[in-house]
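Visitor: Sharing a structure with you now.
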Amino acid sequence: MKLSPLQLFGLFVLGAIVAPFGDHGHVITGTTEYLWKDTLFVWDSAGWFVLMVGTGTALLAEIRLHLGPARTEMNWRHGLAGIAAVMGIYALTALLKGQPLVPAVVLVSALGVLTWCALGDKAGAICGVIAAIGGVANEVATAHFGWFRYDESIGTLFGVAPWLPGLYFAFGVTTSVLAEILAKRIR
Amino acid sequence: MKLSPLQLFGLFVLGAIVAPFGDHGHVITGTTEYLWKDTLFVWDSAGWFVLMVGTGTALLAEIRLHLGPARTEMNWRHGLAGIAAVMGIYALTALLKGQPLVPAVVLVSALGVLTWCALGDKAGAICGVIAAIGGVANEVATAHFGWFRYDESIGTLFGVAPWLPGLYFAFGVTTSVLAEILAKRIR
Amino acid sequence: MKLSPLQLFGLFVLGAIVAPFGDHGHVITGTTEYLWKDTLFVWDSAGWFVLMVGTGTALLAEIRLHLGPARTEMNWRHGLAGIAAVMGIYALTALLKGQPLVPAVVLVSALGVLTWCALGDKAGAICGVIAAIGGVANEVATAHFGWFRYDESIGTLFGVAPWLPGLYFAFGVTTSVLAEILAKRIR
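And the structure:
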């Protein structure tokens, strides 16, 4: 393992704190709806979703450090910018409820690409793609299980939102940056 | 005084020009409403509001230069970026009328943080916090006096909008950057 | 000619691919409507519009390299950021349908300025202004010919949208950056 147990736990907590803030917007706008209601909820979010985001954050950061050396010039300012970018894009996706999908997808995807242009390296792009594929696959699966659903006007990508890859891509780039910053603390 | 009278006047004028453009959006969307109508208006903005923003801009810039040395690498491109960021966020807050508050606040706050990440230093963060506290306190007070009010769906932070700290934070960071650029001209 | 035929063709294709994605948003939101329907369409876009954007992209890039030396530090990351910025702003203009015009114009113009602050040089600003004037003049003319129209709530700038200069400015800055990157390949 490249990251210490404490660092992995910190990343888990970060993901688990960010997720309910973004997810709240999806729930109150009717972008998504939880169908499995007889489970633990954190604010408006199902516990299993919060656990998945937290675990994904820690796991992806660990993967990042196996993909190549961390840039030494990255500092917590870059990490903060990445977290703000992801939270801003996440909130924006909720505010796009009721808007036509193509411009919504173009806007969110453009913001995901800009997040990479400002903060990412090659390994960060790989983490972004891993997050986009993994995150979408996970949501397609859990929607298929009937645990939740996207509003039918939005869930046009195998049942999930077509702007989801752009959002998860930004999440993957940011997680990669956070891993790089933490890696400096190891050495 | 660190800034010359002419520089302070220029900052006052800048604030007094920017304010009515942003405030117009708040008024026409019904985000805010002036209740004290028997006073001087500049476009849709009460004169006292324009004076307050102009004075606040000059005062905060002066404060900035007492907080520590100005970075010599800051130039008018950074200042222009800061002004564009503040005007863009200000306009965005008007466009968020009718949207749910939590994602609106997350988005505006994220943009405020990104403004700092791109442009700010430690003293800029302090100026951002001073502006957030001072700006919110000032609006809480003037709303309490009955001079204006936020729409009741929005004014959930002691009567003012909960995205107001994020907007004023970006304003404070930008004012700090402008002070740094002007400080170079003094020496 | 500063650019090779292949580079000019590549720029033409890029413009011709980006245009229908942005234009689709304008058409489906009713921001614009094609009145000359008896012509070739690419998705929702008239062929003549796609040709104009493609030609304008190649032409403006060539002009850029006659305005002064290209910066050697610009790379394809800057070009990608510019393309993402233009596509994002283009999509945003569609999502602003129904919103009040002044804050919409302030927001789009601020994003155009920020695109320049992040990516542009002096020649890039000139290209941005050329694109803003030329793009608006072209749309005013084709709207005057009756080929298309803006929704009457939006077309307040000689029949076209008042946020159009901000969008074309970002397009001109980005095209200038792309020209600089391609110029490096010439030498």
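Chains as they are written, first to last, in our numbering: chain A, 1 to 187; chain B, 1 to 187; chain C, 1 to 187. Quick reminder that beta carbons are idealized off the backbone N, C-alpha and C, glycines included.
Rounded to whole angstroms, what is the Cα-Cα separation between His144 of chain C and Thr156 of chain C?
Guide: Here residue 144 of chain C is taken as the residue at index 144 of the third sequence, counted from 1. Here residue 156 of chain C is taken as the residue at index 156 of the third sequence, counted from 1. Their backbone Cα atoms lie some 13 Å apart in a straight line.
Visitor: CB Leu60 of chain C to CB Gly172 of chain C, shorter than 8 Å?
Guide: Walking along the third sequence from the start, residue 60 of chain C turns up at place 60. Walking along the third sequence from the start, residue 172 of chain C turns up at place 172. A contact, by the Cβ cut-off of 8 Å.
Visitor: What span of residues does the beta strand (DSSP E) with Glu232 of chain A cover, start to end?
Guide: Summary: the structure shown does not reach residue 232 of chain A, with chain A confined to residues 1 through 187, and so no result is reported for it.
Visitor: Label Val50 of chain B either buried or exposed according to how many other C-beta atoms from any shown protein chain fall within 10 Å of its C-beta, with 16 as the threshold for buried.
Guide: As a first step, residue 50 of chain B is located in the second sequence; it is residue number 50 there, counting from the start. Val50 of chain B comes out buried.
Visitor: Between which two residues does the beta strand (DSSP E) harbouring Phe21 of chain B extend?
Guide: One-based indexing of the second sequence puts residue 21 of chain B at position 21. Per DSSP, Phe21 of chain B belongs to no beta strand (DSSP E); it is in the alpha helix (DSSP H), 5 to 28.
Visitor: Shorter than 8 Å from the beta carbon of Cys127 of chain B to some beta carbon of chain A?
Guide: Position 127 of the second sequence, counted from the first residue, corresponds to residue 127 of chain B. No, Cys127 of chain B lies away from the interface with chain A (no Cβ there is under 8 Å from its Cβ).
Visitor: Find the nearest neighbour of Ile83 of chain A within the set B:Leu40, B:Leu107, B:Leu182, B:Leu6, judged by alpha-carbon distance.
Guide: As a first step, residue 83 of chain A must be located in the first sequence, where it is residue number 83. Among B:Leu40, B:Leu107, B:Leu182, B:Leu6, the Cα nearest to that of Ile83 of chain A belongs to B:Leu107.
Visitor: Taking its Cβ as the centre, do 16 or more other Cβ atoms sit within 10 Å of Thr39 of chain A, making it buried, or is it exposed?
Guide: Within the first sequence, residue 39 of chain A is the residue found at index 39, counting from 1. Counting Cβ neighbours within 10 Å, Thr39 of chain A comes out exposed, since fewer than 16 surround it.
Visitor: Between the segment 17 to 41 of chain A and chain B, which residues of the former have a C-beta closer than 8 Å to a C-beta of the latter?
Guide: Residues Phe21, Gly22, His24, Gly25, Ile28, Thr29.
Visitor: Going by CA-CA distance only, name the one from B:Ser45, B:Gly15, B:Gln7 that's closest to Trp147 of chain B.
Guide: In the second sequence, the residue the question calls residue 147 of chain B occupies position 147. Selected option, being the one with the closest Cα: B:Ser45.
Visitor: Alpha carbon to alpha carbon, how far is Arg121 of chain C from His78 of chain C?
Guide: The count along the third sequence starts at 1 and reaches residue 121 of chain C at position 121. The count along the third sequence starts at 1 and reaches residue 78 of chain C at position 78. Note on residue identity: the sequence assigns Asp, not Arg, to residue 121 of chain C. The straight-line gap from Cα to Cα measures roughly 12 Å.
Visitor: In three-state terms, what does DSSP make of Phe158 of chain A?
Guide: Residue 158 of chain A sits at position 158 when you count from the first residue of the first sequence. Note: Phe158 of chain A maps to coil in three-state DSSP.
Visitor: Sorted by chain position, which residues of the same chain lie with C-beta nearer than 8 Å to Thr160 of chain A's C-beta, five sequence neighbours on each side aside?
Guide: What you label residue 160 of chain A is simply residue 160 of the first sequence in a count that begins at 1. The question names Thr, but residue 160 of chain A in the sequence shown is Val. Counting only Cβ-Cβ distances below 8 Å, and skipping sequence neighbours, we find Val136, Glu139, Val140, Ala143, Tyr150.
Visitor: Between the alpha carbons of Ala189 of chain C and Thr57 of chain A, how many angstroms are there, rounded?
Guide: Since the first residue shown for chain C is 1 and the last is 187, residue 189 of chain C is missing from the structure and cannot be characterised.
Visitor: Which residues, in order along the segment 88 to 120 of chain A, keep a beta-carbon less than 8 Å from a beta-carbon of chain B?
Guide: Within the segment 88 to 120 of chain A, the qualifying residues are Gly88, Tyr90, Ala91, Leu92, Ala94, Leu95.
Visitor: Any Cβ of chain B within less than 8 Å of the Cβ of Arg71 of chain A?
Guide: Taking the first residue of the first sequence as position 1, residue 71 of chain A is located at position 71. No, its Cβ sits nowhere closer than 8 Å to a Cβ of chain B.
Visitor: Would you call the CB atoms of Ile130 of chain B and Gly112 of chain B closer than 8 Å?
Guide: Along the second sequence, one-based indexing puts residue 130 of chain B at 130. Along the second sequence, one-based indexing puts residue 112 of chain B at 112. Not closer than 8 Å, so no.
Visitor: Could you check whether the Cβ of Leu80 of chain A sits closer than 8 Å to any Cβ belonging to chain B?
Guide: Within the first sequence, the letter at position 80 stands for residue 80 of chain A. By this cut-off, Leu80 of chain A is an interface position.
Visitor: Who are the near neighbours of Lys193 of chain A in its chain, counting only those whose CB is closer than 7 Å to its CB and skipping five residues on each side?
Guide: Chain A is shown only over 1 to 187; residue 193 of chain A falls outside these bounds and no answer can be derived.
Visitor: Say yes only if the C-beta of Asp121 of chain B is nearer than 7 Å to one or more non-hydrogen atoms of the ligand ZN, and no if none qualify.
Guide: Inclusion of the ligand ZN in the displayed structure is not the case, the ligand content being empty and no account of it being possible.
Visitor: Using a Cβ-Cβ cut-off of 8 Å (strictly less than) and excluding sequence neighbours within five positions of Val13 of chain A, which residues of its own chain qualify?
Guide: Position 13 of the first sequence, counted from the first residue, corresponds to residue 13 of chain A. Result list for Val13 of chain A: Gly54, in chain order.
Visitor: Using 8 Å as the limit for Cβ to Cβ distance, is Ala46 of chain A near chain B?
Guide: Locating residue 46 of chain A in the first sequence gives position 46, where the first residue counts as 1. Chain B contact via Cβ: absent.
Visitor: In this structure, how does DSSP classify Ser176 of chain C when only helix, strand and coil are distinguished?
Guide: For this step, residue 176 of chain C is matched to residue 176 along the third sequence. Here Ser176 of chain C sits in helix by DSSP.
Visitor: What residue range does the beta strand (DSSP E) around Phe148 of chain B cover?
Guide: For the purposes of this step, residue 148 of chain B is taken as the residue at position 148 of the second sequence. Phe148 of chain B -> beta strand (DSSP E) spans 148 to 150.
Visitor: Once the 5 residues before and after Val27 of chain C are set aside, which same chain residues still bring their CB inside 8 Å of it?
Guide: As a working note, residue 27 of chain C is residue 27 in the third sequence. Only Glu33, Tyr34, Asp44, Ser45 meet the Cβ criterion.
Visitor: Determine the extent of the alpha helix (DSSP H) in which Phe49 of chain C is found, giving its start and end residues.
Guide: Counting from 1 along the third sequence, the entry for residue 49 of chain C is found at position 49. Taken as a continuous stretch (DSSP letters only), the alpha helix (DSSP H) holding Phe49 of chain C covers 47 to 66.
Visitor: Measuring only between beta-carbons, confirm whether Ala84 of chain C sits less than 8 Å from chain A.
Guide: The residue labelled residue 84 of chain C in the question sits at position 84 within the third sequence. Closer than 8 Å to some Cβ of chain A, the Cβ of Ala84 of chain C qualifies, so yes.
Visitor: Just mark Ser176 of chain A as buried or exposed, buried being the case when its beta carbon has 16 or more other beta carbons within 10 Å.
Guide: For this step, residue 176 of chain A is matched to residue 176 along the first sequence. Ser176 of chain A comes out buried.
Visitor: How many Å lie between Lys2 of chain A and Leu8 of chain A at the Cα?
Guide: For the purposes of this step, residue 2 of chain A is identified with residue 2 of the first sequence, where counting begins at 1. For the purposes of this step, residue 8 of chain A is identified with residue 8 of the first sequence, where counting begins at 1. Straight-line Cα distance between these residues: approximately 10 Å.
Visitor: Quick one: is His24 of chain C buried, meaning 16 or more other Cβ sit within 10 Å of its Cβ, or exposed?
Guide: Against the third sequence, residue 24 of chain C aligns to sequence position 24. With 16 or more Cβ atoms within 10 Å of its Cβ, His24 of chain C is classed as buried.
Visitor: Going by other Cβ atoms of all chains shown within 10 Å of its Cβ, with 16 needed for buried, is Ser109 of chain A buried or exposed?
Guide: What you label residue 109 of chain A is simply residue 109 of the first sequence in a count that begins at 1. With 16 or more other Cβ atoms within 10 Å, it is buried.
Visitor: Ignore the nearest five residues each way along the sequence and tell me which others in Glu180 of chain A's own chain have a CB closer than 6 Å to its CB.
Guide: The count along the first sequence starts at 1 and reaches residue 180 of chain A at position 180. Closer than 6 Å at Cβ, skipping near neighbours: Ala70, Arg71, Met74.
Visitor: Quick check on Leu92 of chain A: buried or exposed, where buried means 16 or more other Cβ atoms within 10 Å of its Cβ?
Guide: Sequence index remark: in the first sequence, residue 92 of chain A carries index 92 (1-based). Buried.
Visitor: Go ahead and label Pro5 of chain A buried or exposed: buried means 16 or more other beta carbons lie within 10 angstroms of its beta carbon, across all protein chains shown.
Guide: For this step, residue 5 of chain A is matched to residue 5 along the first sequence. With fewer than 16 other Cβ atoms within 10 Å, it is exposed.
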